[in-house]
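Notes follow once the structure below has been shown.
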Amino acid sequence: MKINTQFRLLILGIVLIPILTISAQGILWLMQQHTIESISVPSYEEIAPLFDNEIERDEWEEIIRRIPHSQPEMNIMILLKDLTVIYSTAYGLEPGDTLTPNELVTLLDVGNDQYGYFIEAPGWLRDVGAFFLIRIDRSIARPPSPIVIVIKTLFVVLIVLFLFSVAMSFIIARSITKSVMVLENATRRIAAGELDLAVDVKGSNEITSLTTSLNQMRLALKEEETRRARFIMGVTHDLKTPLALIKGYAEAIGDGVADDPASRAHSVEIIATKVDQLEGMIDDLIDFVRVDTGEWRRNLDHVHIAAFLTSYTKRIADDADLLNRRVETAIDIPGNVVIPMDERLALRAIENLVNNAIRYTKPGGLITIKGYLKNNAVVIDVCDDGPGIDAEDISRIFDAFYRGSSSRREQGMGFGLTVVKGVAESHGWEISVESEKGKGSCFRLTLPYEPDPSRRMNPRTSGHDDTRKGAGY
C-alpha cells in the first residue's frame, strides 16, 4: 500500500472515529428511549365525565403537554380531589379508577423501601382540582446525566483514537523502514559494482518505486560500462593502425632498408601523412569527449552565423579545388542573425559534414553548401552527388565506430558523424539526413533562431582561418 494512502487512512480514521462513536451513542440512546413503554394518554372525551364535564378541551390538552416525560424508574399518576385516577403509568391503576383514602394510604405504605412517593400540585393543575402522584422505583438505576454521557463518550473516543493511531503509526513506520532497507540494500549492491543482478522490488509504495528507478539506473550504468569498454577497444584499435605504419617506416629508415633518397622520401611522406591522420583522430577524440561531458558550455558565444558560414565556405572551396572537387555555396541569411554556440565545436561539426562529402564524392564531383532561414530556424544543408548511403545504414551512421558498407575501407575511427550529432544535440539543434543510393546524400543542420534583439548579447563575427581538417568520419 502506498505510504500516502496509509497517511490518508490515518487522517480519515481520526475524523471518522469520533463521528461514528458519537453517532453510535446517539443511536443507543434513541433505542433506549424507544424501549420505554408507550404511555396511553386518554382523550378529552374519556376524561371529561370524570371532571363532571367541568374541564375544557384546551385545559386537558395543556395538562397533557405539561406532563413530565416518563422515565423507566418513574410512574406518574394524576388524581382528582376525590381520588379518581384520570391518568396513570403505574401498573394496576387505570384512568377512571377511584381510590378510597385507605387504599391511597395502603398504596403509599406498601413496599416503602422499594418506592418513593411525591405529591405535587402545580397551579395549572390545581386550578382544575387535580394533583400529581409520582412514584419512583429505587431498584431501577436512573439514567446518567447528559454531562456524564458526554464525558463517557469523549473517553471512549480518545481510547479508540489512541489505539487506532498507534496501530496505523506502527504500520506506516514498518512500511517505511522496510522500504528504506530494500532501497539501502539495492544501493549498496550497485555501489559494489553488482550491475548484473536485478534489484528485487518488494511491496508497492513511494519508496519502493525508487527501486524501479534504481533498476533503470543500474541498467543505464551497465550499458554505459559496456559502451565505454567498446569505446576504449575501438579507440585502441584505430590508433594502433597509423602508429604501426609510422613505426614500420621509421624502423625501415633506421635499419637502412629505405637507403636510397627516393625510398626515404617516400617513407617520410607516409609517416607525415599518418601523423596528420593520427592528429586528426586525437582532435576528433577530444571533441567527442568535450561534447559528451558538456565542457563546451564554458565557451558559449553569440555568433553572427552568416559571417561564420561565409568565412568557412571560402576556405573549403580552395581545399576542395586541390582535391579536384567542386563546391557551390548559397548563404542567404541576414547579417544580424546571431546564434549562441561554441564556435570551435560548431565549426568542427560543419567541417566533418563537408569533409565527409568530399571523401565520398568522386573527382570532379559537386558539394553544395546552403544556409537560409526557415520557420524561425537557421538551416544548413551539406549535400553531395556521391554514391549515397544504404537504407540499412542510415539509422546507425551517427553511432560511434560504425561504418557503413561503403566506408569499411576508409581511414578514421568513425567519430565524425558522431561528433556532429553530439554537437547538434548538445546545442539543442537537429541533425537529419536524406540519401538516395547512386545519387548522393544531403545532411541538414537546423539551428533554432530567436529574433529577439535582447537575446543577442556579446555577438562575435567569425573571421578566423582555422584550416584544420577532420581526419576520420
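Going by the numbering used here, the sequence shown opens with residue 8, and the numbers climb by one from there. Backbone N, C-alpha and C fix where the C-beta goes; we use that ideal spot for every residue, glycine too.
What residue range is occupied by the uninterrupted beta strand (DSSP E) comprising residue i?
i, result
"Ile141", "137-144"
"Thr96", "Per DSSP, Thr96 belongs to no beta strand (DSSP E) and is neither H nor E."
"Ala384", "384-391"
"Glu127", "122-127"
"Ile85", "81-87"
Identify, in the order they occur along the chain, each residue of the same chain with its Cβ nearer than 7 Å to the Cβ of residue i, setting aside the five sequence neighbours on each side.
i, result
"Gly447", "Cys390, Asp391, Asp392, Gly393, Gly395"
"Leu360", "Val389, Val427, Phe450"
"His434", "Met348"
"Phe125", "Ile141"
"Ile178", "Gln13"
"Phe171", "Gly20, Ile24"
"Glu437", "Ala431, Thr453"
The alpha helix (DSSP H) spanning residue i covers which residue range?
i, result
"Ala324", "312-329"
"Arg355", "350-366"
"Ser439", "From DSSP, Ser439 is part of no alpha helix (DSSP H) but of the beta strand (DSSP E) over 437-443."
"Val430", "423-434"
"Ile62", "Where Ile62 is concerned, there is no enclosing alpha helix (DSSP H), given that its DSSP letter is neither H nor E."
"Glu483", "The displayed coordinates of the chain run from 8 to 480. Any statement about residue 483 would go beyond what the structure contains."
Give me the Cα-Cα distance between residue i and residue j, rounded to the nearest whole angstrom.
i, j, result
"Leu452", "Ser274", "40 Å"
"Leu204", "Ser186", "19 Å"
"Gly123", "Ile143", "5 Å"
"Ile365", "Arg237", "29 Å"
"Leu285", "Leu424", "18 Å"
"Arg195", "Val173", "32 Å"
"Asp406", "Ile293", "17 Å"
"Lys369", "Asp397", "17 Å"
"Ala314", "Gly342", "7 Å"
"Asp89", "Leu132", "14 Å"
"Ile401", "Val430", "19 Å"
"Arg333", "Glu441", "21 Å"
"Leu354", "Thr184", "55 Å"
"Ile197", "Ala327", "52 Å"
"Phe162", "Thr28", "10 Å"
"Glu432", "Met240", "25 Å"
"Asn362", "Asp339", "22 Å"
"Leu352", "Gly372", "27 Å"
"Ile166", "Thr96", "41 Å"
"Glu201", "Ser30", "58 Å"
"Phe169", "Ile21", "9 Å"
"Ile154", "Glu127", "27 Å"
"Gly263", "Thr243", "30 Å"
"Thr113", "Glu69", "31 Å"
"Tyr2", "Asn331", "For the chain, the structure presents residues 8 to 480; residue 2 sits outside this window and is missing."
"Asn91", "Ile34", "Note on residue identity: the sequence assigns Thr, not Asn, to residue 91. The straight-line gap from Cα to Cα measures roughly 39 Å."
"Arg63", "Asn109", "What sits at residue 63 in the sequence shown is Glu, not Arg. Computed Cα separation, rounded: 31 Å."
"Glu258", "Ile278", "11 Å"
"His309", "Val296", "23 Å"
"Asn383", "Ile404", "28 Å"
"Ile156", "Tyr94", "32 Å"
"Ala269", "Asp291", "33 Å"
"Gly136", "Asp104", "16 Å"
Spell out the partners DSSP gives residue i in its beta bridges.
i, result
"Gly378", "Ile338, Ile387"
"Pro455", "Ala384"
"Leu161", "Answer is none; Leu161 lacks a bridge partner."
"Arg333", "Leu373"
"Val92", "Leu86"
"Thr105", "Thr91"
"Ser448", "Ser442"
Can you find the residues in the same chain that come closer than 6 Å, C-beta to C-beta, to residue i, ignoring five residues on each side of it along the sequence?
i, result
"Lys377", "Ala337, Asp388"
"Ala356", "Val427, Val430"
"Val164", "Pro25, Thr28"
"Pro249", "Lys281, Gln284, Leu285"
"Ala272", "none"
"Ala324", "Val334"
"Gln32", "Thr160"
"Thr375", "Glu335, Cys390"
"Asn82", "Thr96, Ala97, Arg142"
Keeping to the same chain, check which residues put their C-beta closer than 8 Å to that of residue i; ignore five residues upstream and five downstream.
i, result
"Leu16", "Met175"
"Gly115", "Reading the sequence as shown, one finds Leu at residue 115 and not Gly. Cβ within range, chain order: Tyr124."
"Ser461", "In this prediction, Ser461 has a pLDDT of 49, which is less than 50 and means its spatial position is unreliable; what the coordinates show is noted afterwards. Excluding sequence neighbours, Ser461 sits near nothing in its chain."
Between the segment 222-233 and the segment 248-263, can you find at least three pairs of beta-carbon atoms closer than 8 Å? no
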